[in-house]
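Q: The structure is given below, and queries will be raised subsequently.
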Amino acid sequence: MAAPQLSVRSSKARDLAHRLARRENRSIAEVVERALEAYEIREAGREPAPSFYSRLSAQSGTDIDLEAVLRENRRPHRGIEL
């Protein structure tokens, strides 16, 4: 039975994988597997932005106009005292 294969259509990705495999004296499959594992670890637990904002909106239930809050609390600086 043949081993599963991964097909990559990007010539840039293919060239990079070949270059890294030669430099690290590893197979292309090992380079790709290690890169994907590192990517998975780095990105694990991150929530996509749209779902984060919809969840945040549902939890807080209020919309805040940040510009209005800043305008209300803005005070002119009196400058330095000489």
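To convert, note that position 82 of the sequence shown is 69 in our numbering; the numbers rise steadily by one, no gaps. The beta-carbon is built from N, C-alpha and C at its ideal position, and this holds for glycine as well.
If we ignore side chains and look at the alpha-carbon of each, how far apart do H5 and I15 end up?
A: As a first step, residue 5 must be located in the sequence shown, where it is residue number 18. As a first step, residue 15 must be located in the sequence shown, where it is residue number 28. Each residue's alpha carbon lies about 6 Å from the other.
Q: Roughly how many angstroms separate the alpha carbons of P37 and S44, rounded to a whole number?
A: By 1-based counting over the sequence shown, the position of residue 37 is 50. By 1-based counting over the sequence shown, the position of residue 44 is 57. Computed Cα separation, rounded: 11 Å.
Q: If you draw a straight line from the C-alpha of R58 to the C-alpha of S(-6), how long is it?
A: Taking the first residue of the sequence shown as position 1, residue 58 is located at position 71. Taking the first residue of the sequence shown as position 1, residue -6 is located at position 7. If I take the Cα positions, the gap works out to 55 Å.
Q: By alpha-carbon positions, which one of V18, E27, L69 and P(-9) ends up nearest to L3?
A: By one-based count along the sequence shown, residue 3 stands at place 16. Ranking V18, E27, L69 and P(-9) by Cα distance to L3 puts V18 first.
Q: R21 to A8, Cα distance in whole Å?
A: Taking the first residue of the sequence shown as 1, we reach residue 21 at position 34. Taking the first residue of the sequence shown as 1, we reach residue 8 at position 21. Spanning the two alpha carbons is a distance of roughly 11 Å.
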